[in-house]
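Numbering (the numbering used here), first residue to last: 7 to 1215.
For glycine and all other residues, C-beta sits at the position ideal for the given N, C-alpha and C.
Next up, the structure:
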């Protein structure tokens, strides 16, 4: 049935269109009729017809067929056309009568009349049409109402469906980019509240599309628009305003225009977050399952029953012998090709059908397969059937395990149990089994019979059994001890022979048991056997005893044995021997050759064993008795093998039997004993301990080893072992103590003595004897056994400890002296500063050669000596601070020797041995000069009558530490300075005091006692050590060890003295601060003479006030450190806070490391020590004032560049 046309669906439009076509047709009649009249007039018959008549006919036709409108139009056209012809055709009447116009109006009236009639007929037709139209409209409205209701119901149903599905809707016009999204779609798109979405661009701007998915989304829309048909279906991530991530699926359809261009895309949006999470969880689960299956080496399979598709994993194909790329068309194809053992195929099929039919709860079966020719394997297949809602099976999935090893083990166990049951029945032994967890106690019928219980007797538990057990009273404690020891793990197995009294008769039984433990070591099961050995016990005593001992030995030692029937070539190997060799208990051997082939010989042992057996079979040996190594289960073990062959009357071997004992534990003990003995020997050697034994008595002798002879310093083998020879080796002064120790040992039994021995080279060693004296039954000493230790190092260490304690006391005295020296240095240097400064000023004004000049010069010399004395006091007390640089020692020594050579008496001859080359130490050249000067002076004073003095310098490498007088000489490279003399030497009683401050043996006025103290202080400060060797009457040798610090690369260049002209000032203003008024006056006058403007202050507070009043007045500051109120460092800090870049010189009569560090932290440009001469003051001030000139701020190891004015400090 065809669909109604558009016009049929709208009758009103159809009628209107028809009326419009009728009107157009009627109006077109007017020009057509007039045109026809004109053409007829102009035709060949036109002259025979009157033109007016023609036009009248045209007007009438137009009015008749077209109505008033067309008739009037035709009259108008005729009036316009006809007058052109009237004057030419009718000239007579044209002037008097306007006939054309008359005719025109007449015809027009006629046309109007005719048109009115036609109009009436048209109106009647129109009314009829409108009636029809109203009927059609009413019908149409009814249909529209019905269709609207259906549409509304459909929309409501679709809305409910959308609400139920929780989907959102969207619609996009690609041409205008107009976009509509439903409220749910707005939520799913992650649009924030309040954001206006009118276009897709708005959605891209406000939507929560994941940045990584935006290109994917744009690409999908571009491809959809490019095709112009079809739809879009994509999945992507969205992040809502709360930051939560979700997955959505967008599906839509493209609607195209008449030319095929996309005009509209409409679709829906679905939240698929849960599905995605489920897919991820499923993927993870599948991955874990795959890894688990791979780790378990299991195969898995699945049969889709609906599609008859069969899937097998790679591992399952491998188990069944299929290639990895094997495919199966159906389950029937797989089952036909599966290499099931023929005897098991029906069994497998029945199990599958039972699982599919629901008869069996699951599919589980063990069967055999033949994966490859000649190979039989056992597999276990387990599976589960999955059904639909109607209970119909959909698929069955499962796994396949290769259980061949387990089946073989089960079969071996079954065979072993059968053999064991047969052996037990044959042996007449009973056995028991106690499940400790459940306390179930089982006794075999034979055991019940042996114990005198009635057949079928049962026990409620082990306690019930023990309560009825017929123990022999004397054997029950022994049995209890054996059981307790086995349960405690003290014995490998329970094994006991004991008596019991069943039915009033004493019988002997042999009990053996083995305890089974769980992984934590807790006992879980106890099994064992019992045998009646009464007959064996009652046999001949000798034979019984022999057999009993052998049985006990075999059981206790766990020996294995073998028996070879040579004619039949039957080989029997006991289970213990099989276990010992790492073979299974059910192992059998077709021949001895197979046994020997499978025996786990250690590499290299097989030929030795074969040769021993061959010699025995040839009659060369009575038996085979050897120890060999075997390798069972990859572990090397030792066994003792003994065997003997039996022969027939012709001496042909007919039987070969023997036993094998595992001696690994014994061999390990022997090896451990050897190792311990080796360790003991090494320990003795490391501790210098040597064992000795002395047999006391008339025939007594000492047993000495070569090590003990070496300890006493005698050649190996030279000691004759006698008491007198040993006595002669002991240091004479120590013999009384040794004899007293021996006498004490006779009372206590403990020997302890320390004494010295003198080696052949003269070296003295300390020995310590420790041991024990043994006595006979009568109490007389028989022998002494003990160890001898060389304790020389301990005695040397004790001596070193005493020496170090002495050094500590000396260091404490030096520290106290340093504290005193530091205290007086400042005040004393202030006094010397005033004396030397004013003396220098007076010296400049004193006439040359005058008495005043001589007096002032003497005063200056005394002042310089005082300053040198202060420096020496600070040096030996180590309170002074010097700058450590690389010092070319040999150059300093040469200069010092050249200086002193002319001052020494002519009776003293100096010998120089300077071989240190360019070796250097880290220190101060002045200190090296002082050390050598004092050592030379002391050496010269020790030779008042003359003699020879040797000064040597060399580089020495010390390989082993040793003790010196002032410390320990550690192993390293040294520069060694040695001063030797042939003087009077140093007596031992004063040797340890020579480095004490102010200690001297000279008369008053000759020495101060500070020389060697100064040397000691300097050398110790440089990290060195002094050693002294002296012999009274022959001389002394002082050896100084200074740490080697490489070699100097460039010779020392003396700095040129700056000319006085360059040190003068340029009228700079210098602030001078010192609490000593005399020093302030001295410095200000000196600076004035040098061209500076000096302003002095005797208090730091006044100086600070002046600086605050005009900070830019001063160009530099010179301040003392120790002042009442604020110190110099505190003053510097306050000045730096006001003017950071001003040069500041800090002076102090005592410079310690703490003072220098404090000055550095405060910001001093340079630090110098009092007293200062005029030149020294000028040089120091010039260094801090001249910009761009490198400065050495008198800080240890520090070189700084003077900052420019205005720079931060």
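Going by other Cβ atoms of all chains shown within 10 Å of its Cβ, with 16 needed for buried, is residue i buried or exposed?
| i | result |
| --- | --- |
| residue 1216 | Because the chain in this structure spans residues 7 to 1215, residue 1216 falls outside the shown range and cannot be described. |
| residue 873 | buried |
| residue 1149 | buried |
| residue 287 | exposed |
| residue 779 | buried |
| residue 741 | exposed |
| residue 912 | exposed |
| residue 6 | This structure gives no information on residue 6, because the portion of the chain shown stretches from 7 to 1215. |
| residue 1176 | buried |
| residue 1001 | buried |
| residue 676 | exposed |
| residue 49 | exposed |
Is residue i helix, strand or coil when you go by DSSP?
| i | result |
| --- | --- |
| residue 267 | coil |
| residue 565 | coil |
| residue 1175 | strand |
| residue 916 | strand |
| residue 748 | helix |
| residue 262 | strand |
| residue 532 | strand |
| residue 801 | helix |
| residue 586 | helix |
| residue 720 | coil |
| residue 844 | helix |
| residue 1242 | One cannot answer for residue 1242 here, as it falls past the ends of the chain, which runs 7 to 1215. |
| residue 710 | coil |
| residue 1200 | For residue 1200, the predicted model reports a pLDDT of 37, less than 50, meaning its position is unreliable and no value from the coordinates is stated. |
| residue 1216 | Nothing about residue 1216 can be reported from this structure: the residues present for the chain run from 7 to 1215 only. |
| residue 595 | coil |
Going by the CB atoms, is the gap between residue j and residue i shorter than 9 Å?
| i | j | result |
| --- | --- | --- |
| residue 723 | residue 639 | no |
| residue 37 | residue 83 | yes |
| residue 725 | residue 715 | yes |
| residue 186 | residue 215 | no |
| residue 447 | residue 476 | no |
| residue 757 | residue 727 | no |
| residue 462 | residue 500 | no |
| residue 944 | residue 1020 | no |
| residue 1034 | residue 971 | yes |
| residue 960 | residue 976 | no |
Skipping 5 residues on each side, what residues in its chain have a beta carbon closer than 7 Å to that of residue i?
| i | result |
| --- | --- |
| residue 564 | 582, 668 |
| residue 904 | none |
| residue 631 | 648 |
| residue 1084 | 840 |
Assuming the contact rule is C-beta atoms closer than 8 Å, residue i and residue j should be a hit. Round their C-beta distance to whole Å, please.
| i | j | result |
| --- | --- | --- |
| residue 253 | residue 406 | No, residue 253 and residue 406 are not in contact; Cβ-Cβ is about 37 Å, not under 8 Å. |
| residue 238 | residue 263 | Contact flag wrong, Cβ pair sits at about 18 Å. |
| residue 361 | residue 402 | 7 Å |
| residue 892 | residue 926 | 4 Å |
| residue 1086 | residue 1102 | 4 Å |
Return the chain-ordered list of same chain residues with a C-beta closer than 6 Å to the C-beta of residue i, the five sequence neighbours on each side being excluded.
| i | result |
| --- | --- |
| residue 409 | 384, 386 |
| residue 206 | 178, 183, 185 |
| residue 776 | 758, 792, 793 |
| residue 174 | 188, 190, 191, 194, 275 |
Counting only the same chain and skipping the five closest in sequence on each side, list residues whose C-beta sits under 8 Å from that of residue i.
| i | result |
| --- | --- |
| residue 627 | 618, 621 |
| residue 418 | 590, 591, 592 |
| residue 808 | none |
| residue 399 | 311, 362, 391, 392, 393 |
Closest Cβ-Cβ distance between residue i and chain B: below 9 Å?
| i | result |
| --- | --- |
| residue 388 | Included in the structure is just one protein chain, with no chain B present. |
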